[in-house]
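**Student:** Listed in order, the protein sequences are those of chains D and G. With the first letter of the first sequence counted as 1, position 220 gets the number 220 in the working numbering; the numbers rise by one all the way through. With the second sequence counted from 1, adding 1000 to any position gets you the working numbering.
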Amino acid sequence: MATGELSIYNLVKFQAIPPDWPGGFWWHWLFFTVVVIGFVLTMVMGVIYIERRGMGRMQSRLGPNRTGPFGLLQPVADAIKVLLKENIVPVAADKIVHWLAPVIAFAPALMIFAVIPFENGALLADLNIGILYVVAISSVSTVGIFMAGWGSSNKYSLLGAMRNVAAVVSYEIPLVLAIVGVVLIAGSLSLNQMVVAQDIPFILLQPLGFLLFFTAGCAEINRSPFDLMEADSEIVAGFHTEYSGMKFAMFYLVEYAEAVAISAIITTLFLGGWRGPLLPPWLWFIVKVMLVFFAMVWTRTTLPRIRIDQLMAFAWKFLLPMSLLNLFITALQVLADWPTQLIWAMIIVNFAVMAIIILIWSRFFFRLGWGRIEV
Amino acid sequence: MALAIAFWLLAAVAVIAALGVVLLRNVFRAALSLILCFLMVAGLYITLSADFLAAVQILVYVGAISVLIILAIMMTREVQRGSPNSRFQIPAAIVAVLFLEVLILTLINTPWQISGTPPTAPTTSALANSLFGEGGYLLPVEIAAVLLLSAILGAIVLAREK
């Protein structure tokens, strides 16, 4: 939507890949299904390596460095190890539910990638309800976690699952409201159209929206500092306490596949997706996903885990009013045609608004902690 | 042809899942069966080119209502090992039969119209226009939101300990 002169991507001429590339509906389907599965599995291995090495570096230790050059083969070794482990199912468990849970948790994480563009038009299905599809599908994985918590018939599993649902239900609201701001500016729900509309990355137009989405996204996928559902010092390992062997590996995979999915959505919504100068689009996409994931590792190692009472309060008293204000301001700006006319003013105003709102709200209305327990 | 196969598959699984909701003794499995039924109905919407409706169906019914049902099951102590005996089995059966009769009569007596026009490609803008545009349902939508909010507030006030 923004004007051509202001584009920082003028170096790249992007042409859309035809919707049924390479040749025919079924070839397209087969090709991109293989690409999506391969992408998710390799990215998961990559981000596990980044996380373990990055965390090691940030915590003044080495991290895995014995398997292969620089410890690069550690994820492979872990995968082989976990495949050979014994599969233990509790006697009191609901066998079918216990068996189905990892599958139902993993399917949505994989299905999200069907609408994420790797290049212009290079995606499994360019749905015109793209981002709504993502929100709807990702809500299904809660059911998988619920099934794991219930099917194990273990009180720690059940507690973990309950905490997870409470968090997901609360944090979904600021998450969706942050998305709506981007949708208003882009004027489309299709993720590919959103990237095409980003002549300037939307992180500049929606800085507060980006922060809200990042925070709520981290909470949604149980990453630290919101990893209360698997807080090992409180409830052993949460919903996957009773899982071992391949089924545990599936939950491990789900955790990182969801992290990659959230990184990919942030890349697409806020960082300009596949767009960028010089490098090929798919490489830009992967680089940006890795950068977002690195930011997640960074927050994980830097911030302490928040308490269960703070978790709810943070979502309802801080993120929700912030996201409502952000949506209101963005809607006014879109009505006044700022995204096409006054783009620099919009960038400056929105950064100023973000700083002022966060400062005022955290100073006078809601402060995390203060050493007191709230209900 | 492919559409017909998809329809019959989805419809068959939806009916089996719906039967599972009623017949399964384990309440948690019945709730899971309900989720499967909702997903199949969403699939039926997709075969009717109502993609927005399908996404909303999954979002609202699977993501919110089913999760609420499961949460309620988890919070209830007695219900966990099968459903307790109920005194209302016979009245419930009578009401169910009456309701089924009404449904079947309506289905048979309604003159179903099949539109000849091809489905609109981007459904979102068409839906938004008919909801919020000229002569739309702007006021009812807003009032529904306020009504739901007041219902939530009422529930909190009722459930709150003095």
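We treat Cβ as the ideally placed atom computed from N, Cα and C, and that holds for glycine.
Comparing C-alpha positions only, which one of D/88, D/113 and D/53 sits nearest to residue 258 of chain D?
**Tutor:** Among D/88, D/113 and D/53, the Cα nearest to that of residue 258 of chain D is on D/113.
**Student:** Looking at residue 214 of chain D and residue 295 of chain D, is the spacing between their C-beta atoms short of 9 Å?
**Tutor:** yes
**Student:** Can you list, in chain order, the residues of its chain with a C-beta nearer than 7 Å to that of residue 173 of chain D? Leave out the 5 residues immediately preceding and following it.
**Tutor:** 320
**Student:** I'd like to know whether the C-beta atoms of residue 1024 of chain G and residue 143 of chain D end up nearer to each other than 9 Å.
**Tutor:** For residue 1024 of chain G and residue 143 of chain D, no; Cβs fall outside 9 Å.
**Student:** Please report the distance separating the alpha-carbon of residue 363 of chain D from that of residue 110 of chain D.
**Tutor:** 41 Å
**Student:** Would you list, in chain order, the members of the region 1085-1099 of chain G that have their beta-carbon closer than 9 Å to a beta-carbon of chain D?
**Tutor:** none
**Student:** Shorter than 9 Å from the beta carbon of residue 1 of chain D to some beta carbon of chain G?
**Tutor:** Because residue 1 of chain D sits at a pLDDT of 40, beneath the cut-off of 50, its placement in the model cannot be relied upon, and the following sentence gives the value as read from the coordinates. No, its Cβ sits nowhere closer than 9 Å to a Cβ of chain G.
**Student:** With a 10 Å radius around its C-beta and 16 neighbouring C-beta atoms as the bar for buried, classify residue 1075 of chain G as buried or exposed.
**Tutor:** exposed
**Student:** Report yes or no: is there a C-beta of chain D within less than 9 Å of the C-beta of residue 1063 of chain G?
**Tutor:** Interface residue, yes.
**Student:** What would DSSP say about residue 1142 of chain G, mapped onto helix, strand or coil?
**Tutor:** helix
**Student:** Does the beta carbon of residue 1066 of chain G come closer than 9 Å to any beta carbon on chain D?
**Tutor:** yes
**Student:** Please give the ranges of any beta strand (DSSP E) in the region 141-165 of chain D, keeping only runs that are unbroken, at least 3 residues long and fully inside the region.
**Tutor:** Correct list: empty.
**Student:** Return helix, strand or coil for residue 255 of chain D, following the three-state DSSP convention.
**Tutor:** helix
**Student:** In the DSSP assignment, what are the bridge partners of residue 119 of chain D?
**Tutor:** D/122
**Student:** Quick one: using the 10 Å Cβ neighbour count with 16 as the cut-off for buried, is residue 309 of chain D buried or exposed?
**Tutor:** exposed
**Student:** Roughly how many angstroms separate the alpha carbons of residue 1146 of chain G and residue 87 of chain D, rounded to a whole number?
**Tutor:** 51 Å
**Student:** Considering Cα atoms alone, identify which of D/207, D/32, D/327 and D/176 is closest to residue 347 of chain D.
**Tutor:** The residue with the shortest Cα to Cα distance from residue 347 of chain D is D/207.
**Student:** Just the Cα atoms here: how many angstroms apart are residue 245 of chain D and residue 36 of chain D?
**Tutor:** 25 Å
**Student:** Alpha carbon to alpha carbon, what distance is there between residue 1039 of chain G and residue 132 of chain D?
**Tutor:** 16 Å
**Student:** Within its chain, find whatever has a CB closer than 6 Å to the CB of residue 186 of chain D; leave out the 5 residues flanking it on each side and keep chain order.
**Tutor:** 194 and 197
**Student:** Run through DSSP, which three-state label would residue 46 of chain D get?
**Tutor:** helix
**Student:** Answer yes or no: does any C-beta atom of chain G fall closer than 9 Å to that of residue 316 of chain D?
**Tutor:** no
**Student:** Short check: CB of residue 129 of chain D to CB of residue 1117 of chain G, under 9 Å?
**Tutor:** no
**Student:** With distance defined between alpha-carbon atoms, name the residue in D/260, D/85, D/236 and D/84 nearest to residue 156 of chain D.
**Tutor:** D/236
**Student:** Since residue 1029 of chain G meets chain D, which of its residues come closer than 8 Å, beta carbon to beta carbon?
**Tutor:** 94, 96 and 97
**Student:** Short check: CB of residue 39 of chain D to CB of residue 106 of chain D, under 9 Å?
**Tutor:** no
**Student:** Would you call the CB atoms of residue 1140 of chain G and residue 1049 of chain G closer than 9 Å?
**Tutor:** no
**Student:** Contact between the region 265-282 of chain D and the region 24-35 of chain D: three or more CB pairs below 8 Å?
**Tutor:** no
**Student:** Quick one, are the C-beta atoms of residue 1028 of chain G and residue 1073 of chain G less than 9 Å apart?
**Tutor:** yes
**Student:** Where does residue 135 of chain D land, buried or exposed, given buried means 16+ other C-beta within 10 angstroms?
**Tutor:** buried
**Student:** Under three-state DSSP, which class holds residue 277 of chain D?
**Tutor:** coil
**Student:** Check whether the Cβ atoms of residue 1067 of chain G and residue 146 of chain D lie closer than 9 Å to each other.
**Tutor:** yes
**Student:** Against chain D, with Cβ distances strictly below 9 Å, would residue 1052 of chain G count as a contact?
**Tutor:** yes
**Student:** So with Cβ pairs under 9 Å, would you call residue 1001 of chain G a contact of chain D?
**Tutor:** no
**Student:** Looking at chain G, is there any beta carbon in it that lies within less than 9 Å of the beta carbon of residue 133 of chain D?
**Tutor:** For residue 133 of chain D, the answer is yes, since a Cβ of chain G falls inside 9 Å of its Cβ.
**Student:** Could you tell me which whole alpha helix (DSSP H) segments of length 4 or greater appear in the region 272-349 of chain D?
**Tutor:** Counting only runs of 4 or more, we get 281-302, 308-313, 320-335 and 338-341.
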